[in-house]
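> Take this structure first; my questions come after.
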Amino acid sequence: MTHTARRTTLRSSARRGAVAAVVVALLLSGCGARQPTDPPVSDTGPTAAAPTADAPSPAPTGPAPLAVGQPPASVAVDAIGLDEPLIGLGLQADGAMEVPTDFDDVGWFTGGGRPGGVGPTVIAAHVDSASGPAVFARLTELVAGDSVRVTDVTGGVFEYVVTRVGDYAKADFPTTEVFGAVPADELRLITCTGLFDRSIGHYEDNRVVFAVRA
Amino acid sequence: MPNQRTASRTATRFLTLGGVATATAIAVLGAAAPASAETAVDAPASFTSAFTVMATPDQVLNADGVATPGPAGATGQFTFRVNSTLDIVCYDITVSGISGDYQSPAKTATHIHAAAAGAAGPPRIAFPNPAPVGDGPRTSAGCLQGPFTTGVLANGADTGTGFTLAQLEADPAGFAADTHTVANPAGAVRGQLVRVPVGGVQTGGGGSAAASDPSAAIGVGLGAVTLAALAGVVVHRRRAASTN
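Right, dumping it as structure tokens:
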């Protein structure tokens, strides 16, 4: 795919993301569909993978500010044949992370880290839809040592290596480990795993893939 | 109360040092042991919000709002999970690259301040200082329930008075976390609160769950197929809607 073509795809994806932001409030969220419905709140709300202004450097002297990075535009994992553009994801009204409305979309948390900067870039997508496998169906195949490539909106490519994977009950989700600030350029990939609780329409666990810059 | 006993014993020791020292000791201790301090509690069953802070030396300001950088290379990672209904904050703090003991006029030296980026402001919560004091990484974790006090008085009132965690949720960017040391009393590291998701991420529709959960597949048979087919129709409709 040419650079221009890729950017076109991103813009298309961006529009889709914006529409999804509205639709998610009306139709479904995440693991399925029974969840509701409140519109996203937050200043990080669902925006597409478009560049945003970086914070100005506050201190002219002394220690330099940490790098911020640019918004990610796509993620590729050769080990599982994945190469997808990214949409922006914010927060739901209950404080949980938004998830893509379309089971074929992959999204990143716009309030978190960015490739090339410090902090975890968090990427999430569905393991399946209500009818079959979705775009992150093979994420659970990743193991320590696998490589993940993230490309930012400027075309910069950032290589990450998986350091560990973990399964966590959603009721006891490790917020600090996954979303907490870190003084390094790191990556998290999230999907669902474990048993599916049909009474609530959600999986009980999350698979989290932890990766650091190669 | 243990605090009162401790204060009393300490004050007694200061009495031997003379009148001025005694008065100072009592004033300080009085501020450090307020009557309605927050209490350490277990983590609640759920949270309403979460925040993280990447604290760095370049973001430190003194009380007048003048840039006063901490030591180069120092970092602080603060993650807060909040249940604003119960006014409980669970904190998970790691500070690296600092040395020496803590120093602050507040009852501890590790705080959330009501301070936007580039501005100074009063502490609202005082957390137990990360330990151990030394050159290695220091950590502090636990949960506190309000009402909060800091031990710092402004206009006769503790700066924690009237603060609730709902205020964090209303305006996270209006708050900063930091820690103060003897070497850097204005702060060794500081950073603004950034809201992050709380709880798990709902990333599956269950369409392949039967296959990945053999126990669920037994006996479900045609029912599951039917359910999946019905769900497929729903998804199809949703996808159609999402393209409008």
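Quick mapping for you: the protein sequence lines, in order, are chains B and G. Numbers given in the numbering used here equal positions in the first sequence, counted from 1, plus 520. Every letter in the second sequence is one number past the one before it in the numbering used here, and letter 80, counting from 1, is 64. Every residue, glycine too, gets a C-beta built ideally from N, C-alpha and C.
DSSP puts residue 163(G) in a beta bridge; with which residues?
94(G), 173(G)
> Give a yes or no on contact between the region 149 to 165 of chain G and the region 585 to 602 of chain B, applying the rule of three or more CB pairs nearer than 8 Å.
no
> Does the Cβ of residue 78(G) have 16 or more other Cβ atoms within 10 Å, making it buried, or fewer, making it exposed?
With 16 or more other CB atoms across the displayed protein chains lying within 10 angstroms of its CB, residue 78(G) is buried.
> So the beta strand (DSSP E) residue 180(G) belongs to, where does it begin and stop?
Counting along the chain, the beta strand (DSSP E) containing residue 180(G) begins and ends at 178 to 180.
> With a floor of 3 residues, list each beta strand (DSSP E) that falls wholly inside the region 637 to 702 of chain B, ordered by position along the chain.
639 to 645, 667 to 672, 677 to 689
> Residue 710(B) touches chain G at which residues, Cβ-Cβ below 8 Å?
185, 187
> Does any residue of chain G have a CB that is nearer than 7 Å to the CB of residue 567(B)?
Residue confidence is low: residue 567(B) scores 38 on pLDDT, short of 50, so the model does not pin down where it sits. Its coordinate-derived value is still stated next. No, residue 567(B) does not count as interfacial toward chain G.
> Interface residues of chain B around residue 33(G) at Cβ under 7 Å?
615
> Please confirm whether residue 229(G) and residue 104(G) have their CB atoms less than 7 Å apart.
For residue 229(G) there is no data in the structure shown, the boundaries of chain G being -15 and 228.
> Roughly how many whole angstroms lie between the Cα atoms of residue 23(G) and residue 60(G)?
One C-alpha to the other measures close to 24 Å.
> Using a Cβ-Cβ cut-off of less than 9 Å, list which residues of the region 615 to 629 of chain B approach chain G; keep chain order.
So the close ones are 615, 616, 617, 618, 619, 620, 621, 622, 623, 624, 629.
> With H, G and I counted as helix, E and B as strand and the rest as coil, what does DSSP make of residue 72(G)?
Secondary structure at residue 72(G): strand, using DSSP grouped into helix, strand and coil.
> Given a cut-off of 7 Å on the beta-carbon distance, is the pair residue 712(B) and residue 188(G) in contact?
yes
> Which same chain residues, not among the five before or five after residue 150(G), have their C-beta less than 7 Å away from its C-beta?
68
> Check the DSSP bridge columns for residue 107(G) and list the partner residues they point to.
97(G)
> Let's see if you can read the secondary structure: which residues bound the alpha helix (DSSP H) around residue 154(G)?
149 to 154
> Residue 148(G) to residue 629(B), Cα distance in whole Å?
27 Å
> For residue 696(B), return the contacting residues in chain G, with the cut-off set at a CB-CB distance below 7 Å.
63, 76
> Hey, could you find the ends of the beta strand (DSSP E) residue 710(B) is sitting in?
705 to 717
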